[in-house]
Each structure stands twice: as structure tokens, then as C-alpha cells.
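K.L.:
One structure coming up, written as C-alpha cells, with questions to follow.
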Amino acid sequence: MNINDCVIRLEKKEDHREVENLVREAFWNVYRPGCSEHYVLHTLRNDPAFVPELDFVMEQNGRLIGQNMFMKTVIEADDGRNIPILTMGPIGIIPKLKRRGYGKKLLDYSLQKAAAMGFGAVFFEGNIDFYGKCGFQFAANFGIRYHDLPDGADASFFLGKELISGYLDGVTGVYRTPAGYYVDDSDVEAFDKDFPAKEKLTLPTQIF
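Shown next as C-alpha cells:
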């Protein structure tokens, strides 16, 4: 398969279950035994902060191979302002195509569309080794703090990128994760029963 053969388009309602299964496959046993990202995606589509104009899928030869989506949130600035920004994810690529450039292509496209809509910055939780290739930096470089994180704690997971140059000039403050990302484990378990059975494994690389 050739990365240039793929098409990026907006998600359609009829894609929903296939995309949820794609996300489940992409995240299964990655950060925890099993995963919750497919249920998070399912709930976020109905959240007021969801941005349907930035809800993308990647398709190759008629098959969905990747997805990305965005939510509106704010930085609670130290001077009392609320600075509108985006947060991102889940973003996923089917396992057999990971680390082959598809994720970067989807992310770059998504960020270009977000910038064209006038959004000034994106902050989220991710790995700098991958997302740094798309221009993300440690959020601390912007003077932006992760909510509820104690002073001196490791914040290297918290990344940011300006989509409009200078958008965050003079801004320091706290990022707030949209409430829709927090889901109950019992709801995840109930939702997951509608998908094919998969084995949950505890792996040394997991963080939860």
C-alpha cells in the first residue's frame, strides 16, 4: 500500500461504528488493559465542545485506516481571560500501518484545516517523539500548565502548538481538559460488550 493512495475526508454518520472499532484496535492494550478511547469518541460526538468540521477519517482502497477529531476548550489565563483553543484526540491509525507516515499525514492535514478555521492553538497529551515532528512543543515552553498537576511534577506528556503565530504571546495559565473525556469504567465495559471479544493484557509499557 502507498501512503499517497489515501484520502482524508470528514466522518459520516454511517462511519461511526467502523471508526469506533478502528480506534479500539488502535488503542487496545496500549495505555491500559483493553482501552476506553472508542467509548470516549462515541460520547464526544454529542458533546457541545465537539467540532464536527474537524472530525476526519483516512480512507485507503475503500477501507477506513485512520481518524482524528478535535474539541474546543480554553486556557484559563493568569490575567483572568479565557483563551479559546483546541484539544485533540483520540487520533488513531490501524495497527499494521502505524509508524509508516500515515499518522503524520493525517495530523498535518487536520492542523491545516483547524488553522484555516481560525483556531489559534492546540494543546493535548501526547509523546513528543512523534508529535514533535508535526511542530508540537512541551506546553511549558508557552507558559501553559496542565490542570491539577502539582508543581515540579513531570509534564513532558503535555504538548502544544500555535496554529496562528503569536496567538499565545503574553499568555500564561492553566489548560482544562474538556469534561467529556472523563468516562466511567463501568460505562466503558458495557459499551465494549457490543464489539468482538479481545483479550486484555497487562503490559510493562502501559501507564494506567
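Mapping to my numbering: the sequence shown position 14 is 22, numbers consecutive.
Backbone N, C-alpha and C define an ideal beta-carbon position, used for all residues, glycine too.
1) Given 8 angstroms as the limit, is there contact between the stretch 138-156 and the stretch 104-124, that is, 3 or more CB pairs closer than that?
2) Since D13 and L72 are thought to touch, with beta carbons under 8 angstroms apart, how far apart are those beta carbons, to the nearest angstrom?
3) Does P212 pass the burial test, meaning 16 or more other C-beta atoms within 10 Å, or should it be called exposed?
4) Should the stretch 186-198 be called in touch with the stretch 49-68, which here means at least 3 C-beta pairs below 8 angstroms?
5) Along the beta strand (DSSP E) that carries R108, what are the first and last residues, could you check?
6) Check whether the stretch 17-34 and the stretch 75-86 are in contact - that is, three or more C-beta pairs closer than 8 angstroms.
7) Under 7 angstroms, do G160 and T180 count as touching if we go by C-beta distance?
8) Please work out which residues of its chain come closer than 7 angstroms, Cβ to Cβ, to L176, disregarding the five sequence neighbours upstream and downstream, and give them in chain order.
9) Does L157 come out as helix, strand or coil in the three-state DSSP assignment?
10) Using alpha carbons as the reference points, say which of Q68, V15, K20 and Y47 lies closest to F203.
11) Is it right to say D63 is buried, meaning 16 or more other beta carbons lie within 10 angstroms of its own, or is it exposed?
12) For R107, count neighbouring Cβ atoms within 10 angstroms of its own Cβ and tell me buried if that reaches 16, exposed if not.
13) With a threshold of 7 angstroms on Cβ separation, who are the neighbours of E84 within its own chain once the five nearest residues in sequence on each side are excluded?
14) Here's the rule I'm using: 16 or more other beta-carbon atoms within 10 Å means buried, otherwise exposed. How should F216 be labelled?
15) Please state whether DSSP places A198 in a helix, a strand or coil.
16) Name the DSSP bridge partner or partners of P92?
17) Report the three-state DSSP secondary structure of E170 (helix, strand or coil).
P.N.:
Concretely, from the data shown:
1) yes
2) Stepping through the sequence shown from its first residue, residue 13 is reached at position 5. Stepping through the sequence shown from its first residue, residue 72 is reached at position 64. With 8 angstroms as the limit, D13 and L72 do not qualify as a contact, their Cβ atoms being about 14 angstroms apart.
3) Against the sequence shown, residue 212 aligns to sequence position 204. Exposed, because fewer than 16 other Cβ atoms sit within 10 Å of the Cβ of P212.
4) yes
5) Here residue 108 is taken as the residue at index 100 of the sequence shown, counted from 1. R108: not part of any beta strand (DSSP E); DSSP gives it neither H nor E.
6) yes
7) In the sequence shown, counting from the first residue as 1, residue 160 sits at position 152. In the sequence shown, counting from the first residue as 1, residue 180 sits at position 172. Contact annotation: G160 and T180 have beta-carbon atoms that are not nearer than 7 angstroms.
8) The sequence position of residue 176 within the sequence shown is 168, counting from 1. Closer than 7 angstroms at Cβ, skipping near neighbours: A129, F150 and E170.
9) As a working note, residue 157 is residue 149 in the sequence shown. Coil.
10) Taking the sequence shown and counting its residues from 1, the one referred to as residue 203 is at position 195. With distances taken between Cα atoms, F203 lies closest to Y47.
11) Taking the first residue of the sequence shown as 1, we reach residue 63 at position 55. When all chains shown are included, D63 counts as buried.
12) Walking along the sequence shown from the start, residue 107 turns up at place 99. Exposed.
13) Here the question's residue 84 lines up with position 76 in the sequence shown. The answer, listed in chain order, is N90, G181, V182 and R184.
14) By 1-based counting over the sequence shown, the position of residue 216 is 208. So F216 ends up on the exposed side.
15) One-based indexing of the sequence shown puts residue 198 at position 190. Residue state, collapsed to three classes: helix.
16) The residue you call residue 92 lines up with position 84 of the sequence shown. Paired residue(s): V82.
17) To locate residue 170, count along the sequence shown from 1; it is residue 162. Strand at E170.
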